[in-house]
Amino acid sequence: MNRKRIGFIGLGVMGSRMTRRLLNAGYEVIVYNRTPEKMGPILQQGATAASDISSLAKQSDVICTCLSMPSDVKAVYEGPDGILANSRPQTVCIDFTTVGMDTSIDLANQAKAKQIDYLDAPVSGGPEGAEQGSLTIMVGGNKTAFEQVSQILNVLGQNIQYLGDSGLGSVAKLINQYLVAAHSLAASEAMVTGVALGLRAEQLYDILRTSYGDSRMLRRHMETYVLPRNFEPGGALKYVLKDVNLAIELFAKIGLQPRTGNSAVEVLNLAVEQGLADLDMSAIIQPLEKQCEVVVKKQSGNA
Numbered sequence: 041m042n043r044k045r046i047g048f049i050g051l052g053v054m055g056s057r058m059t060r061r062l063l064n065a066g067y068e069v070i071v072y073n074r075t076p077e078k079m080g081p082i083l084q085q086g087a088t089a090a091s092d093i094s095s096l097a098k099q100s101d102v103i104c105t106c107l108s109m110p111s112d113v114k115a116v117y118e119g120p121d122g123i124l125a126n127s128r129p130q131t132v133c134i135d136f137t138t139v140g141m142d143t144s145i146d147l148a149n150q151a152k153a154k155q156i157d158y159l160d161a162p163v164s165g166g167p168e169g170a171e172q173g174s175l176t177i178m179v180g181g182n183k184t185a186f187e188q189v190s191q192i193l194n195v196l197g198q199n200i201q202y203l204g205d206s207g208l209g210s211v212a213k214l215i216n217q218y219l220v221a222a223h224s225l226a227a228s229e230a231m232v233t234g235v236a237l238g239l240r241a242e243q244l245y246d247i248l249r250t251s252y253g254d255s256r257m258l259r260r261h262m263e264t265y266v267l268p269r270n271f272e273p274g275g276a277l278k279y280v281l282k283d284v285n286l287a288i289e290l291f292a293k294i295g296l297q298p299r300t301g302n303s304a305v306e307v308l309n310l311a312v313e314q315g316l317a318d319l320d321m322s323a324i325i326q327p328l329e330k331q332c333e334v335v336v337k338k339q340s341g342n343a
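Under this note's numbering, the first residue of the sequence shown carries the number 41, and numbering increases by one thereafter.
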């Protein structure tokens, strides 16, 4: 089978797991990470280290990026030492980072001018989905380029959606993140209110998860993080704040007031001010708990 040589930049919580899946599928993978120590475990599994971004770009047929912030993406792609200046024509770039629509369109246009394809392909599913290869991947950009890398995407995800023009993958992901933030806040407000008024947290949660008030974010947050009081991140709160702010920019484009999004941003900012930025997104509940002087947690003995 003809295997493309893949360059992968960004070996954080998501990128490291995605890279392992590509290696396990038999792909030759060249990696680069700003923090070199993070490359160690991946190199032990068979990846090759690149000394810098430009050398990785020159050696790769497909380049994947999975970074934290839009500014990180622009820094990696642009400039004389970046991906676009050093990749060969017909290289396909797949950016798994959650960035704004305008950033995706801008990078796609810059890539096209150099006969390179740039696909915005943000993902949903968290570290578990990355590890299991069950991610949802939302792709915008040239359809021919998408088809050329579909085998690679199928190693990483189970729900691969081609959405059309550049930027539309980012739009879909940001709309998802808008709901993540809104649902997280609503679930947190509901649980804090119930506990403050005397309900037992586990009993209230059991009612909500079997009623119309149920949501995936309610279940995720309560079962894994809030009730056991373990806020080690799957998805850090600061990144959800970044995403919902980018989503609000989309609302401005169409003249719609982001009412629930604005409320989520208010509480997320409060959480950041209280030093919770690097905790899991479920820590959005903590400023509300502090305000009401309650803690939503499991009780010893029977629920």
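All C-beta atoms in this analysis are idealised placements derived from N, C-alpha and C, irrespective of residue type, glycine included.
*Quick one: any contact between the region 303–311 and the region 232–249, if contact means 3 or more CB pairs under 8 Å?*
no
_Sequence ranges, alpha helix (DSSP H) only - wholly within the region 286–335, length at least 4_ = 299–313 and 325–332
*asked:* Using a 10 Å radius around the Cβ and a threshold of 16 neighbouring Cβ atoms, would you call Q217 buried or exposed?
replied: buried
*Assign N285 to buried or exposed, taking buried as 16 or more other Cβ atoms, counted over all protein chains shown, within 10 Å of its Cβ.*
buried
*Contact the region 233–247 vs the region 201–215: 3+ CB pairs below 8 Å*: no
*With 16 other CB atoms within 10 Å as the buried threshold, where does G80 fall?*
exposed
*asked:* Measuring only the C-alpha atoms, how far is D142 from I177?
replied: 19 Å
_Inter-residue spacing [alpha-carbon to alpha-carbon] between A125 and A151_ = 9 Å
*Would you list the residues sitting across from Q201 in a DSSP beta bridge?*
M178
*Exposure label - L244; buried when at least 16 CB within 10 Å*: buried
_Distance check for V220 and E171, CA to CA, integer angstroms please._
21 Å
*Pull up the distance between the alpha-carbon of M321 and that of P273, whole angstroms please.*
7 Å
*State buried or exposed for G169, treating a residue as buried only when at least 16 other CB atoms are found within 10 Å of its CB.*
buried
*asked:* Distance check for Y202 and P167, CA to CA, integer angstroms please.
replied: 22 Å
_Going by beta-carbon coordinates alone, are G209 and D157 separated by less than 7 Å?_
no
*Which term fits Y72, buried or exposed, when burial requires 16 or more other beta carbons within 10 angstroms of its beta carbon?*
buried
_Environment of S91 [buried if 16+ CB atoms lie within 10 Å]_ = exposed
*Among L296, C332 and I325, nearest to L258 - alpha-carbon criterion*: I325
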